[in-house]
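In the working numbering, the protein residues as written are 269 to 474. We put the CB at the ideal spot given by N, CA and C, even for glycine. Right, one structure below, let's go through it.
The structure is reproduced here in structure tokens:
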């Protein structure tokens with residue numbers, strides 16, 4: 269991210285209507301991003317109940333993401349947050365560009381408040397809990413939907429909802445995943461096995 273872009277998104281007023289920003293679409297790259305304003309109600313003195321980590325998987329929007337939610341905590345009970353959501357602002361304070369420990373301190377400081385307003389970036393690739401490059405699953409979010417469903421890093425996606433993606437470009441695979449609704453059924457196999465079956469590599473017999 270260029271310095272002027274970081275300065276732009278570090279100002280909370282520029283995060284309010286960020287869903288209309290072409291710059292954000294460019295920063296997030298392929299896939300479908302959805303920017304939402306959500307409210308979380310909780311008891312005074314109660315923690316929000318989230319674990320946050322630094323952005324990963326090639327994201328160039330430098331803000332924290334939700335990696336886990338405490339069972340029956342305010343965040344989970346609200347039903348408004350998902351693992352993988354990127355947090356842009358909390359009660360009007362922008363988290364964009366801030367160090368992880370600073371963001372953690374800001375969220376810990378919400379204990380005395382009963383209602384939390386958050387601007388989040390909901391990105392479908394993160395909601396599914398994995399990232400894909402050229403048809404190969406290259407990372408998984410711990411505890412995410414994909415990991416719980418048995419998806420494995422290093423596997424090649426063969427089919428998505430009975431549609432073959434063997435010869436499908438990366439951009440099209442991302443589009444198919446972004447447009448999928450409800451349950452997603454995928455067939456995968458180890459990438460090394462795929463290369464052998466498609467004669468991209470010669471077998472070495474032992």
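For residue j and residue i, the rounded distance between their alpha carbons
i, j, result
"residue 357", "residue 350", "16 Å"
"residue 408", "residue 415", "6 Å"
"residue 437", "residue 339", "39 Å"
"residue 396", "residue 471", "34 Å"
"residue 404", "residue 442", "11 Å"
"residue 435", "residue 464", "15 Å"
"residue 476", "residue 427", "Since the first residue of the chain shown is 269 and the last is 474, residue 476 is not available in this structure."
"residue 326", "residue 381", "Below a pLDDT of 50, predicted positions are generally treated as unreliable, and residue 326, at 44, falls in that range; no measurement from the model is reported."
Own chain, CB closer than 6 Å to residue i, minus 5 neighbours either side, in chain order
i, result
"residue 422", "459"
"residue 318", "334, 337 and 343"
Residues bridged to residue i [DSSP beta-bridge criterion]
i, result
"residue 388", "304 and 355"
"residue 408", "398"
"residue 461", "Answer by DSSP bridge pairing: none, since residue 461 is not bridged."
9 Å Cβ cutoff met for residue i and residue j
i, j, result
"residue 343", "residue 316", "yes"
Close Cβ partners of residue i (< 8 Å) along its chain, the five nearest in sequence each way excluded
i, result
"residue 425", "400, 403, 404, 405, 433, 441, 454, 455 and 456"
"residue 495", "Outside the modelled stretch of the chain, which goes from 269 to 474, sits residue 495, for which no answer is possible."
Neighbourhood of residue i by C-beta distance below 7 Å, restricted to the same chain and skipping five residues each side
i, result
"residue 447", "none"
"residue 370", "none"
First and last residue of the uninterrupted alpha helix (DSSP H) at residue i
i, result
"residue 420", "Neither: residue 420 is in no alpha helix (DSSP H) and is coded neither H nor E."
Residue i, enclosing beta strand (DSSP E) - first and last residue
i, result
"residue 319", "318-321"
"residue 333", "333-337"
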